[in-house]
Amino acid sequence: MKVVHIAPHLGGGVGKAHAALCEADTEAAGRQYMLLEEPRDQRYVNEIRDAGAVVTIAQDRNHILKLMAGADIVQFEWWNHPLMCGLLAGPPLPAMRSVFWSHVSGVSAPFIPAGLVEAADRFVFTSACSKLAPNLSETVAASLAHADVINSGFGHPASGTSAPISGNRNGISYLGTVEFTKMSPAMMEVADRLDRDDVAVDVWGGVGANSPVHDAIAAMEHPDRLRLCGHTADPKAALSQTSVFLYLLQPFHFGTAENALVEAMSLGCAPLVFANPCELEIVRDGETGLVASSTDHAVELANWMLEHPDEVRVMGERARAEVLELRTPDRSIAAFRALWQAEMLRPKREPVFAEALGPTPRDWYETMQGGPSGAETGGQPGQAASKGSLAHFMAYYPDLDLVPETPAASGF
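Read in order, the letters of the sequence shown correspond to residues 27 to 438 in the numbering used here.
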């Protein structure tokens with residue numbers, strides 16, 4: 027069985043997930059990755075190649091079409107990247123057995139085009155929260171029957187010891203995106219309103235020199251309570267003394283796997299999160315962490331966690347056990363293998379993905395943003411244009427209203 031993965035690139039969480047899957051897959055040599063652009067970070071590409079899979083960079087559209095035509099399964103690694111939209115909405119693609127694995131939740135912008143769920147032979151979500159997406163209404167309810175959920179966020183492997191978590195861990199940490207495109211400003215308010223003066227929140231992750239995050243910290247009553255620690259190449263070491271993982275995200279974030287959250291839980295950290303759909307699929311309130319309904323509630327729960335270290339340690343132990351059992355590459359690759367084998371029983375068919383996206387890059391962008399492209403959505407004033415933003419689309423398609431009737435106009 028030859029499985030061809032089509033992806034814009036293999037950086038970040040997507041690359042990390044596939045590197046782990048290939049390492050766990052005894053048949054990884056039968057898989058090939060076609061990237062639509064040259065990767066900036068080769069780390070996960072190298073790991074995937076080391077596992078036996080083939081990784082190539084697309085030369086032109088014919089290069090991609092030939093690979094698709096010869097594949098048993100074509101799996102599209104889906105998020106709202108302009109080049110992926112151009113490939114799907116451009117000139118006709120060959121007959122195939124198509125699988126989509128969505129790496130955005132679709133609960134908020136960028137939305138998953140409902141027609142794409144219908145057009146795919148199988149559509150796979152990385153979180154069950156995606157089935158709550160507002161645009162996947164009853165009009166595509168029947169299509170959700172062939173939409174599976176396969177996890178892409180994995181914990182750190184067990185160290186080989188089942189010893190209880192050390193009782194002297196009392197730190198509070200955040201690790202992840204340190205921008206208000208994802209991290210909530212409530213982080214600052216919660217740190218400011220902690221009852222104890224001898225604690226601070228260590229924030230791990232890179233932050234730009236002109237980021238609004240710096241202004242928000244400066245405006246705190248106790249700015250020393252939120253310490254920017256920068257990027258870490260060793261998350262396990264960074265979280266080694268963490269008891270409470272303060273992971274408060276914006277309600278509109280589009281994450282699904284939440285690697286940082288899952289990895290922290292696998293290390294025995296007890297998370298405190300907001301009641302966002304994605305986090306509710308990962309954290310069981312009162313069992314493997316705590317879920318706050320508001321900023322005031324988060325302040326209340328954070329102070330409770332500081333005063334009840336024994337209960338927090340038990341939550342952390344439950345979190346670690348659950349992640350190490352359920353969120354593993356072995357489970358996910360087994361689920362994909364079963365799905366691919368089932369699809370092999372179906373004949374190939376010519377896809378109609380273009381109908382789901384519309385004729386022009388402006389249509390593609392607006393379909394996923396849920397409205398006109400006159401203004402950016404899903405961000406904060408002063409933030410740099412994010413991936414999948416209008417500025418990102420215009421970088422590839424300066425004339426957003428040009429119908430991509432040729433490979434050159436579609437990017438491929």
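Backbone N, C-alpha and C fix where the C-beta goes; we use that ideal spot for every residue, glycine too.
#### Entry: Limits of the beta strand (DSSP E) - the one that residue 174 falls within
In the sequence shown, residue 174 corresponds to position 148, counting from 1. That run of the beta strand (DSSP E) goes 173-175.
### Message
Which residue marks the beginning of the alpha helix (DSSP H) containing residue 113, and which one marks its end?
### Response
In the sequence shown, the residue the question calls residue 113 occupies position 87. Judged by DSSP secondary structure, residue 113 falls within the alpha helix (DSSP H) whose first and last residues are 108-115.
### Query
Taking buried to mean at least 16 other C-beta atoms within 10 Å of its own C-beta, is residue 43 buried or exposed?
For the purposes of this step, residue 43 is identified with residue 17 of the sequence shown, where counting begins at 1. Burial state of residue 43 is buried, judged by a 10 Å Cβ sphere holding 16 or more other Cβ atoms.
### Message
Let me check one thing: in DSSP terms, what residues is residue 381 bridge-paired to?
### Response
Indexing the sequence shown from 1 puts residue 381 at position 355. In DSSP, residue 381 forms no bridge with anything.
### Message
Using the Cβ count rule (16 or more neighbours within 10 Å means buried), how would you classify residue 394?
### Response
Translated into the one-based positions of the sequence shown, residue 394 becomes position 368. Answer is buried; the Cβ neighbour count reaches 16.
### Query
What separation, rounded to the nearest whole angstrom, lies between the Cα atoms of residue 136 and residue 338?
If you number the sequence shown from 1, residue 136 lands on position 110. If you number the sequence shown from 1, residue 338 lands on position 312. Their Cα atoms are separated by approximately 35 angstroms.
### Query
Among residues of its own chain, excluding the 5 on either side of residue 52, which ones have a beta-carbon nearer than 7 angstroms to its beta-carbon?
Taking the sequence shown and counting its residues from 1, one reaches residue 52 at position 26. Nothing meets the Cβ criterion.
### Query
Where residue 361 and residue 294 are concerned, what is the direct C-alpha to C-alpha distance, given to the nearest angstrom?
Against the sequence shown, residue 361 aligns to sequence position 335. Against the sequence shown, residue 294 aligns to sequence position 268. Rounded to whole angstroms, residue 361 to residue 294 spans 26 angstroms at the Cα level.
### Task
Ignoring anything shorter than 4 residues or poking outside the stretch 79-107, list the alpha helix (DSSP H) runs there in chain order.
Whole alpha helix (DSSP H) segments, 4+ residues: 87-95.
### Query
Are residue 257 and residue 234 close, meaning C-beta to C-beta below 8 angstroms?
Working through the sequence shown from its first residue, we reach residue 257 at position 231. Working through the sequence shown from its first residue, we reach residue 234 at position 208. The answer is no: Cβ separation not under 8 angstroms.
#### Entry: Contacting residues, own chain, Cβ-Cβ under 8 angstroms from residue 48 (five flanking each side not counted)
For the purposes of this step, residue 48 is identified with residue 22 of the sequence shown, where counting begins at 1. These residues qualify, in order along the chain: 54, 57, 73, 74, 77, 78, 79.
### Query
Thinking C-beta only, is residue 195 closer than 8 angstroms to residue 226?
Reading the sequence shown from its first residue, position 200 is the one you call residue 226. Reading the sequence shown from its first residue, position 169 is the one you call residue 195. Not closer than 8 angstroms, so no.
### Query
Alpha carbon to alpha carbon, what distance is there between residue 309 and residue 106?
In the sequence shown, counting from the first residue as 1, residue 106 sits at position 80. In the sequence shown, counting from the first residue as 1, residue 309 sits at position 283. So the alpha carbons of these two residues sit roughly 27 angstroms apart.
### Message
For a quick check, are the C-beta atoms of residue 462 and residue 175 less than 8 angstroms apart?
### Response
The structure shown does not extend to residue 462, since the chain spans only 27 to 438, so no value can be given for it.
### Query
What is the DSSP secondary structure of residue 189, counted as helix, strand or coil?
By 1-based counting over the sequence shown, the position of residue 189 is 163. For residue 189, the pLDDT reaches just 49, beneath the cut-off of 50, and the residue's location in the model is therefore unreliable, although a value from the coordinates is still provided. In the structure shown, residue 189 sits in coil (DSSP, three-state: anything other than H, G, I, E or B).
### Task
Assign residue 456 to one of three DSSP states: helix, strand, or coil.
The requested residue 456 is not part of the displayed model; the chain covers only 27 to 438.
### Task
With DSSP collapsed to three states, give me the class of residue 31.
The residue labelled residue 31 in the question sits at position 5 within the sequence shown. If DSSP states are grouped into helix, strand and coil, residue 31 belongs with the strands.
### Query
Taking Cβ positions, are residue 303 and residue 271 nearer each other than 8 angstroms?
Taking the first residue of the sequence shown as position 1, residue 303 is located at position 277. Taking the first residue of the sequence shown as position 1, residue 271 is located at position 245. Not a contact, by the Cβ cut-off of 8 angstroms.
### Residue closest to residue 241, alpha-carbon to alpha-carbon, out of 437, 224, 322, 205
Your numbering for residue 241 matches position 215 in the sequence shown. Taking only the C-alpha atoms, the option nearest residue 241 is 205.
### Message
Is it the case that the stretch 138-156 contacts the stretch 378-390, given that we only count it when at least three CB pairs across the two stretches are under 8 angstroms?
### Response
Contact between the stretch 378-390 and the stretch 138-156 is established, with three or more Cβ pairs separated by less than 8 angstroms.
### Where residue 415 sits in the DSSP three-state scheme
As a first step, residue 415 is located in the sequence shown; it is residue number 389 there, counting from the start. The answer is coil: DSSP assigns residue 415 none of H, G, I, E or B.
### Query
If you draw a straight line from the alpha carbon of residue 32 to that of residue 218, how long is it in whole angstroms?
Working through the sequence shown from its first residue, we reach residue 32 at position 6. Working through the sequence shown from its first residue, we reach residue 218 at position 192. Taking the Cα positions, residue 32 is about 45 angstroms away from residue 218.
### DSSP beta-bridge partners of residue 297
Here residue 297 is taken as the residue at index 271 of the sequence shown, counted from 1. By DSSP's assignment, residue 297 forms a beta bridge with 271.
#### Entry: Local conformation of residue 214 per DSSP, three classes
In the sequence shown, counting from the first residue as 1, residue 214 sits at position 188. The answer is helix: DSSP assigns residue 214 an H, G or I state.
### Task
Could you tell me which of 278, 125, 71 sits nearest to residue 94, measuring between CA atoms?
As a position in the sequence shown, residue 94 is number 68, starting the count at 1. Minimum Cα distance to residue 94 is reached at 125.
### Task
Go ahead and label residue 103 buried or exposed: buried means 16 or more other beta carbons lie within 10 angstroms of its beta carbon, across all protein chains shown.
Against the sequence shown, residue 103 aligns to sequence position 77. By the beta-carbon neighbour count (other beta carbons within 10 angstroms, threshold 16), residue 103 is buried.
### Message
Using beta carbons (cut-off 8 angstroms, strictly below), is residue 85 in contact with chain C?
### Response
Absence of chain C from the displayed structure is noted, only one protein chain being present.
### Query
Pick from 264, 335, 354: whose alpha carbon is nearest that of residue 200?
Position 174 of the sequence shown, counted from the start, is the residue given in the question as residue 200. Closest option to residue 200, judged by alpha-carbon separation, among 264, 335, 354: 264.
### Query
Given 8 angstroms as the limit, is there contact between the stretch 149-163 and the stretch 276-293, that is, 3 or more CB pairs closer than that?
Yes, the stretch 149-163 touches the stretch 276-293.
### Task
Just tell me which of 301, 112, 417 has its CA closest to the CA of residue 315.
The count along the sequence shown starts at 1 and reaches residue 315 at position 289. With respect to the C-alpha of residue 315, the residue from 301, 112, 417 having the closest C-alpha is 301.
### Inter-residue CB distance, residue 332 and residue 220 (contact presumed, cutoff 8 angstroms)
Position 306 of the sequence shown holds residue 332. Position 194 of the sequence shown holds residue 220. Distance from residue 332 to residue 220 at the Cβ level is roughly 7 angstroms; contact confirmed, criterion being Cβ atoms closer than 8 angstroms.
### Inter-residue spacing [alpha-carbon to alpha-carbon] between residue 312 and residue 123
The residue you call residue 312 lines up with position 286 of the sequence shown. The residue you call residue 123 lines up with position 97 of the sequence shown. Their Cα atoms are separated by approximately 43 angstroms.
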